[in-house]
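The sequence shown begins at 32 in this note's numbering and counts up one residue at a time. What follows is a single structure, written as structure tokens, with notes after it.
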Amino acid sequence: MTLRRTPFALVALLALLALPLAACGFHLRREAELPPSMKRVHIRIADASSALAKGLAKALPRSGSEVVDTEGPDVATLRFDANTFSTDVLSVGGNARATEYALRYHVEFEVLDGTGSVIVPKQTIELSRDFTFDASQALGVAAQTDLLTKELQQDMVQTVLRRLEARTQAAH
């Protein structure tokens with residue numbers, strides 16, 4: 032008899048635990064909603080094989096846009112003027128060696144319609160991650176830097192899409 036009640040009690044407990052999440056406004060992240068003028072998009076970027084270009088080429092179709100290879104009259108152009116990484120020293124130890132760094136990712140973009148008119152004016156996004164350097168763990172630092180770079184690249188794709196969504200919603 033108690034075996035029959037266990038699944039019901041488990042479901043009831045999970046439902047009660049989910050109530051605070053619903054009440055606090057928690058929602059799963061959804062795909063960005065882009066305007067009708069961006070149904071077909073061409074990505075113009077200096078390095079078409081960059082992680083940003085590849086990430087956007089995968090993410091834009093999930094947002095309802097078709098990525099095309101060439102510009103045209105009914106194609107919006109997502110143009111990137113800057114797509115750079117840099118590393119800055121944040122602190123130096125007693126031995127005059129850097130102990131803390133900031134990895135920065137800087138992107139500038141705008142969106143033009145098929146006639147060259149600006150849909151989304153130039154936007155600048157800069158993301159950064161700080162990390163410490165331990166000379167005794169030099170191999171680990173390289174792996175950490177690679178991981179942080181990949182995370183920044185993924186975050187940048189989502190940030191660009193959210194910025195496009197916000198700018199187009201503000202225009203309506």
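Even glycine gets a Cβ: it sits at the ideal position worked out from N, Cα and C.
Other residues of its chain near residue i: CB distance less than 6 Å, five sequence neighbours each side excluded
i	result
residue 93	62
residue 222	Because residue 222 is not part of the residues shown, which for the chain are 32 to 203, the question remains open.
residue 289	With the chain covering only 32 through 203, there is no way to say anything about residue 289.
residue 64	196
residue 119	133
residue 104	145
residue 124	130
residue 99	71, 73 and 106
Cβ-based neighbour list, residue i, same chain, cut-off 7 Å, excluding 5 preceding and 5 following
i	result
residue 144	68, 107 and 150
residue 175	162
residue 11	Here the chain has residues from 32 to 203 only, and residue 11 is not among them.
Anticipated Cβ contact below 8 Å, residue i with residue j, distance rounded
i	j	result
residue 97	residue 71	5 Å
residue 138	residue 111	7 Å
residue 129	residue 164	6 Å
residue 188	residue 86	4 Å
Exposure of residue i, with buried meaning 16 or more beta-carbon neighbours within 10 Å
i	result
residue 178	exposed
residue 191	buried
residue 214	Since the displayed the chain opens at 32 and closes at 203, residue 214 lies outside it and no answer follows.
residue 173	exposed
Spatial neighbours of residue i in its chain, beta-carbon cut-off 8 Å, leaving aside the 5 residues before and after
i	result
residue 181	82
residue 122	129, 130 and 131
residue 101	73
Exercise. Hey, is the segment 145-155 in contact with the segment 114-131, meaning 3+ C-beta pairs nearer than 8 Å?
Worked result: no
Problem set entry | Runs of beta strand (DSSP E) wholly within the segment 124-193 (minimum 3 residues, chain order) | 129-143 and 149-163
For this session: At 3 residues or longer, and completely inside the segment 60-99: list those beta strand (DSSP E) runs for me, N to C.
Result: 71-75
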